[in-house]
Each structure stands twice: as structure tokens, then as C-alpha cells.
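Data block below; observations after.
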Amino acid sequence: MRIYLFFKAITLTVFFGVLYAASLFQETFFGRTVVAVGSDTIVVIYALLLAYILLGYNRYTLPFKPFPFSLALYLIFELIFFNISEQNALLYPFFQSHSLTILLFLMFFGLARVEIPFYLKIQPIITSAGLVLTGYFGYLLISDMPLEISGELGIIFLLYLAVLAATVVAGISENEFALWLKNSRRFMLLSIIGFSAYYVFLRPALMECPGIINLVEWLAVVGIFYKLSRDFRQVMKVDETDLIEIHKQRVSLKKDEWMEEFRKAEKNFIENGIKSHFVAALCKPLFDMGWSEERVAKAISPVISYKDRKIPAFSLKWEKQIIENRNRKNREKVVVKLLERMKEEGVKIER
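Take a look at the structure:
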């Protein structure tokens, strides 16, 4: 990690060193000013990008990493718009008149990219707040653009990030509605994109056919409602561990070769979610004790019925980490509950 960061810092330094020299001697090399840029601007952009790299070195400084990058982007955009103002006289005045909005847009975009390495419970709140504020200032920028559909595009952008923020903040809770909201992220975001394309491009062409428009829009509403309601029903689940019957058979499985194998299988299940090894290790001693197939099936049902929570599409890095940690804890709870039920059955497995 250190070598990688050092290599990135050296590469950045070499690149901006060449860029700085070129800015000073471009008239000598090319006979004219190719890019109008001040040497102090290059130094500031370099310092901000270097800070962006170095802040990723330590977990304590990691949350501040996106902000110098956002400031560097602001200066880069300003430099680009200024240099192409001769080709398009509207861009740089637009940038100047909306400079504060653009800066806030980029800063809140940086807030949405913040990763908290310690207090993960507040991570969804921070990211969601950043997304909503990014969407709001993005809406202000887009709606002020000199386009006929700028208002519609601004609303679409705001709606997209608001829905994304809602699915992100759902990570705070573990209830069925929050899980459904997170798992529906891809469908809802793709629906917004599809509806936006229809509203902007296809609907104007169908204005002379209001019947077709009504039919298409009602079919879309019914289809979306059906898909979301079906997904919500699938989230509701029954704890099959209650199907285990209680029988009194006092057997204690001591530490031996089987126990060593059981520990390996248990670790594979908890750490990696591998069921097959764990199920095989559980079934062998139960069949050896004369248990019927039906009784064994009921005993191991907590493992068989357990499913990891899927990582939603378009998940952020910290979201994946939280879901993986929760899945690991849930698998461990399944093992503990299974062994407690086995003990009630009269089979004590020493961990």
C-alpha cells in the first residue's frame, strides 16, 4: 500500500512538473500561448491532488480524502471553461455566474464519497445527505442551462439521486421494508432512466396519440407496482428453525477427528458462507446415531434455509463491507442457534 501511494505521488509530481515547465515555456516551444493557465493554478491543483493521494494513507485521514479532489475538479473545470471560451462564449460566463453552486455541487459530491472507517452506523446518513444535496445543487445547475428540457433533466437528476439516497439510508435498519428498499435499488434506478428516456424522447413524438400515451403509462405503473410488491413479498421469510422437534437423546460428541473436521466446516460456513462442507459434517454423526433422514433434515434446516443477504446493484464500497460483515454475523448466529437446538435434542457438540 505504501509503495503504491508513493508511486502515485511520484507519477503525479512528474506529470505536473512537466505541465508546469510547459506552461512557462509554451510560447518558446510553440510560438504562441496554447493553454492560458497561471503557474500558481497548476501548483494549487497539484497540491490538492497530492493531498487527495496522501489522505488515503491513514484510516484517520481517509474521511477527508474526497474534499481536496472536489476542489481540484472545480479549478480544472474553471481552467477548461476559460480556455474554450473562444469556441463557446456561453460556457465561461455560465461557470462564473454559477461558480458557488458548482463548488457546492462538487463539495457535496465529495461528502457522498466519504468513507467512515470507524462509526459505520452513521455512514449511510452521511452518504445519503451528500447524495441529496448533490442532487439539489445539480438540479439548480441543470435547470439553469440554456436547453428546452433543462427543467425536466434537472428534476430527473434530483429524483435519481434522491432514490439512490433512500436506498442507501435504508442500510441503517434491518427490517423487511429496509431490506426490500435496498434490494430494489437497481430496478428503481433503471426505471427512472427508462421513464426519463420515454418522457424526453418518445412521449413528445406520441403527443398526437393520447390513447397510446395513456396505455403505455398505465402499463408502466402497473408493471412497476407488480414488480415492487412481488419483491417485497419475497423478502418476508419464515424462520424454519422452529420446525425442529425436541427429542431426548443424551449424546456428547467429544473432541476427536470429527470435531477437527467440524471446526473447519464451521469456519468455512461462517467466514465464506460455504454450506456443503458444514452440512456434510453435521449429517455424518447424526446418521451414525441412527437418526432418520426426516429428523436430520429438520435438525439442519437452519443451515439449509439460511441465505446471505445479497449485495444490491450499484452498491458503494462501504455498503458491501457492511453487508458482508452482517452476513458473517448472521451465519454465526445460525450456528449458535443450531447447536443450542441440537443440545436440546440431546446432542451436545463442544465447540
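Here the numbering used here is used: position 283 in the sequence shown is 629, and no number is missing along the way.
Glycine included, C-beta positions come from ideal geometry on N, C-alpha and C.
Computed from a predicted structure; not experimentally measured.
Buried versus exposed call for residue i [16 or more other C-beta atoms within 10 Å across all chains shown]
{"i": "P470", "result": "buried"}
{"i": "T480", "result": "buried"}
{"i": "K689", "result": "exposed"}
{"i": "L552", "result": "exposed"}
{"i": "R532", "result": "exposed"}
{"i": "R459", "result": "buried"}
{"i": "R596", "result": "With a pLDDT of only 40 at R596, under 50, the local geometry of the prediction cannot be trusted, and the value read off the model is given with reservation. So R596 ends up on the exposed side."}
{"i": "L485", "result": "Correcting the residue identity first, residue 485 is Tyr in this sequence and not Leu. When all chains shown are included, Y485 counts as buried."}
{"i": "L389", "result": "First, the amino acid is wrong: residue 389 is Val here, not Leu. With fewer than 16 other Cβ atoms within 10 Å, it is exposed."}
{"i": "S661", "result": "buried"}
{"i": "K610", "result": "exposed"}
{"i": "P492", "result": "exposed"}
{"i": "R405", "result": "exposed"}
{"i": "W637", "result": "buried"}
{"i": "D585", "result": "Residue confidence for D585 is low, a pLDDT of 42 falling below 50, so the modelled location carries little weight and cannot support an answer."}
{"i": "K644", "result": "buried"}
{"i": "S445", "result": "exposed"}
{"i": "V681", "result": "buried"}
{"i": "I705", "result": "Beyond the ends of the chain as shown, which are 347 and 697, falls residue 705; an answer cannot be given."}
{"i": "S530", "result": "buried"}
{"i": "Y350", "result": "exposed"}
{"i": "F352", "result": "exposed"}
{"i": "K411", "result": "buried"}
{"i": "L395", "result": "buried"}
{"i": "G384", "result": "exposed"}
{"i": "V360", "result": "exposed"}
{"i": "W564", "result": "exposed"}
{"i": "F413", "result": "buried"}
{"i": "E639", "result": "exposed"}
{"i": "G569", "result": "exposed"}
{"i": "I558", "result": "exposed"}
{"i": "S598", "result": "Residue confidence is low: S598 scores 45 on pLDDT, short of 50, so the model does not pin down where it sits. No coordinate-derived value is stated."}
{"i": "I488", "result": "buried"}
{"i": "F571", "result": "exposed"}
{"i": "E520", "result": "exposed"}
{"i": "E665", "result": "buried"}
{"i": "F615", "result": "buried"}
Of the listed residues the options, nearest to residue i (C-alpha basis)
{"i": "I462", "options": "R687, I426, I668 and K621", "result": "I668"}
{"i": "S431", "options": "L401, G402, V381 and Y406", "result": "V381"}
{"i": "Y403", "options": "H444, I472 and R348", "result": "R348"}
{"i": "L419", "options": "N673, E563 and Y398", "result": "Y398"}
{"i": "F454", "options": "S443, A475 and Y438", "result": "A475"}
{"i": "I646", "options": "D634, K683, E670 and P658", "result": "K683"}
{"i": "A659", "options": "Y544, K630, K354 and T513", "result": "T513"}
{"i": "M605", "options": "L477, A627 and N614", "result": "A627"}
{"i": "G497", "options": "L510, A511 and Y482", "result": "Y482"}
{"i": "R305", "options": "S537, I539 and V562", "result": "This structure cannot settle anything about residue 305, because the visible part of the chain is limited to 347 through 697."}
{"i": "N560", "options": "Y572, L574, K573 and Y545", "result": "Y545"}
{"i": "L437", "options": "L446, L449, T447 and E424", "result": "E424"}
{"i": "V649", "options": "C629, K663, D634 and M635", "result": "C629"}
{"i": "I502", "options": "V360, I538 and L351", "result": "I538"}
{"i": "I518", "options": "V360, R672, A355 and I558", "result": "R672"}
{"i": "L535", "options": "L421, V568, F547 and L510", "result": "L510"}
{"i": "I472", "options": "F353, F440, A516 and L446", "result": "A516"}
{"i": "G456", "options": "F361, L417 and K467", "result": "L417"}
{"i": "L421", "options": "T407, E494, Q433 and Q442", "result": "Q442"}
{"i": "F451", "options": "L504, F427 and N521", "result": "L504"}
{"i": "F440", "options": "D490, I570 and G500", "result": "D490"}
{"i": "F541", "options": "S369, V567 and R641", "result": "V567"}
{"i": "I391", "options": "G569, L408 and G363", "result": "G363"}
{"i": "K354", "options": "N429, Y572, D386 and L400", "result": "L400"}
{"i": "E494", "options": "N521, R687, E520 and F547", "result": "F547"}
{"i": "R608", "options": "F371, L685 and A393", "result": "First, the amino acid is wrong: residue 608 is Phe here, not Arg. For F608, the nearest C-alpha among the options comes from L685."}
{"i": "G692", "options": "W664, K663 and P631", "result": "P631"}
{"i": "A508", "options": "D634, N614 and V478", "result": "V478"}
Closer than 6 Å: residue i CB and nearest the ligand MG heavy atom
{"i": "T513", "result": "Judged by which ligands are present, the structure shown has none, so any question about the ligand MG falls away."}
>> Could you check whether the region 677-686 touches the region 614-621, counting it as contact only if at least three pairs of C-beta atoms, one from each stretch, sit closer than 8 Å?
In response: yes
> Would you call the region 524-531 and the region 647-654 touching, i.e. three or more CB-CB distances under 8 Å?
Replying inline: The region 524-531, when compared against the region 647-654, does not touch it at the 8 Å Cβ threshold.
> Can you give, in chain order, each stretch of the alpha helix (DSSP H) that sits fully within the region 487-565 and has at least 4 residues?
Replying inline: 496-515, 522-529 and 531-543
> In chain order, which continuous runs of the alpha helix (DSSP H) of length 4 or greater are located wholly inside the region 378-458?
Replying inline: 385-400, 412-429, 437-443 and 445-458
>> Contact between the region 553-560 and the region 570-579 is defined here as three or more beta-carbon pairs at a separation below 8 Å; is this criterion met?
In response: Counting Cβ pairs under 8 Å, fewer than three are found: no touch.
>> List, from N- to C-terminal side, the alpha helix (DSSP H) runs of 4 residues or more that fit wholly inside the region 601-660.
In response: 603-618, 621-634, 639-645 and 647-651
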